[in-house]
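One structure is given below, encoded as structure tokens.
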Amino acid sequence: MKILVTGGLGFIGSHTVVELQNEGYEVVIIDDCSNADEKVLDGIETITGKRPLFEKIDLKEKAKVEDFFKRYQDVEGVIHFAASKAVGESVVKPLLYYENNIGTLVYLLKELAKKNKASVIFSSSCTVYGQADEMPITESAPVKTAESPYGNTKQMGEEIIFDTCKVTPSLNAIALRYFNPMGAHPSVEIGELPVGVPQNLVPFITQTGMGLRNELSVFGDDYPTPDGTAVRDYIYVVDLAKAHVLALKRLIEGKNEENYEVFNVGTGKGSSVLEVIQSFERVSGKKLNYKIVPRRAGDITTAYADTTKANEVLGWKSQYSLDEAMKSAWDWEQKIRS
Ligand code: UD1
4 MKILVTGGLG FIGSHTVVEL QNEGYEVVII DDCSNADEKV LDGIETITGK
54 RPLFEKIDLK EKAKVEDFFK RYQDVEGVIH FAASKAVGES VVKPLLYYEN
104 NIGTLVYLLK ELAKKNKASV IFSSSCTVYG QADEMPITES APVKTAESPY
154 GNTKQMGEEI IFDTCKVTPS LNAIALRYFN PMGAHPSVEI GELPVGVPQN
204 LVPFITQTGM GLRNELSVFG DDYPTPDGTA VRDYIYVVDL AKAHVLALKR
254 LIEGKNEENY EVFNVGTGKG SSVLEVIQSF ERVSGKKLNY KIVPRRAGDI
304 TTAYADTTKA NEVLGWKSQY SLDEAMKSAW DWEQKIRS
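Residue numbers (the working numbering): 4 to 341.
Below, the structure is given as structure tokens:
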């Protein structure tokens, strides 16, 4: 069975391609390489012994999307990662984000709606909950006004898929709301490759540990949390990748109860910024250079998942601890700098 993975050369996409191939799916990747490297295909091939098919296509080019689906009529499922993801950039360039993340989704859905049967997994984010009123966050927590155009594209993406599924019985979709993905494949053949200065905590920490950055700025120690720093749910990317495969199987096997479903994907455990730093220090044996600075605009205090639905309905549970995930991130950082 052939599965299209858009953005399959990216961080979460590449790990998901590995898990799909390990489960026997045939994968075709679409990526425009705007934030990823074709060399990722080598890493995937080394891990799985199989090179996925690859089409360098920009999904904004509607004619090319149509042509792709004519050439690959046997695609039965799509895992859609391709999107721009820098929160700060999205505030400065909102139309770029709406065009990249919404325009491309519409083109994709138009093609999928023509098929007799199609399954879609959508890359969503816990950002849709904003600062939730209750922890842990369940899927029924209200979606709050987005803080950024990026966050808005995730909310709108979910709504577009929901509306389309409602009138397209042949289309089944699951949105996975990720908490904070981190780490790298244990083989260290693939991992996160941030362009420029990392905005996310874990790559910033590992780059600081390597001496590429002078020090980590901890954004705020006056949050109402046990140690004053903000709390997130850090999920190992391989665990997250496996959730995609289970979600896709659910749709392919027709086990879904509705034709649009939503699942949180996290560990269920919150960790503060200082706890993440301590984890790095434990696994690397290095002291991390950091200083406390004021809060970052738009950041929330606490977010961690209630994973009951994914546990019970998808049969998925995160397996790896923060230290194990951190160790893989550190191994990867050392490998790419050597
Ligand atoms: C961010 C995005 C979120 C997106 C997610 C993807 C924002 C506001 N939110 O989440 O929409 O889905 O990435 O991974 O950008 N921190 C520091 N110093 C740093 C970097 C981060 O102290 O140099 C802190 C942050 O304040 C936060 C935590 O580390 O408390 C995690 O930050 P980050 O990795 O950027 O993720 P989020 O902000 O949770």
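Beta carbons are placed, not taken as given, at the ideal position from N, Cα and C, and that holds for glycine.
With distances taken from CA atoms, which of Ser-122, Lys-5, Tyr-181 and Leu-44 is nearest Gly-154?
Tyr-181
Find out if the Cβ-Cβ distance for the pair Ala-308, Pro-139 is shorter than 8 Å.
yes
Quick one: Cα of Leu-115 to Cα of Leu-62, how far?
14 Å
In angstroms with no decimal places, state the Cα-to-Cα distance between Gly-133 and Ile-33.
30 Å
Beta strand (DSSP E) containing Met-185: first to last residue?
183-185
Only counting the same chain, and skipping five residues up and downstream in sequence, which positions put a Cβ closer than 8 Å to that of Pro-297?
Phe-222 and Gly-223
Output needed for Ile-303: all residues of its chain with C-beta closer than 6 Å, excluding positions within five of it in sequence on either side, in chain order.
Gln-134
Per DSSP, what are the beta-bridge partners of Asn-267 in this structure?
Arg-180
Helix, strand or coil at Glu-58 [DSSP, three-state]
strand
Where Thr-305 sits in the DSSP three-state scheme:
strand
Quick one: Cα of Phe-165 to Cα of Met-159, how far?
10 Å
Going by the beta-carbon positions, is the gap between Ala-178 and Ser-127 smaller than 8 Å?
yes
Straight-line gap, Glu-92 to Gln-202 (C-alpha atoms, nearest Å):
11 Å
So what does DSSP say about Gly-91, is it helix, strand or coil?
helix
Please name the residue, chosen from Asn-103, Val-109, Gly-106 and Leu-174, that lies closest to Val-123 on a Cα-to-Cα basis.
Leu-174
Member of Ser-324, Thr-310 and Leu-325 whose CA lies at the smallest distance from the CA of Gly-318
Thr-310
Excluding five sequence neighbours on each side, which residues of the same chain lie with their C-beta closer than 8 Å to the C-beta of Arg-340?
Met-213 and Leu-215
Tyr-153, enclosing alpha helix (DSSP H) - first and last residue:
152-169
Cβ of Phe-222 versus every heavy atom of the ligand UD1: is any distance shorter than 7 Å?
yes
Indicate the three-state DSSP secondary structure (helix, strand or coil) for Leu-112 in the structure shown.
helix
Under the three-state reduction of DSSP, which class applies to Glu-69: helix, strand or coil?
helix
Note down the Cα distance separating Phe-283 from Gly-194, rounded to an integer number of angstroms.
17 Å
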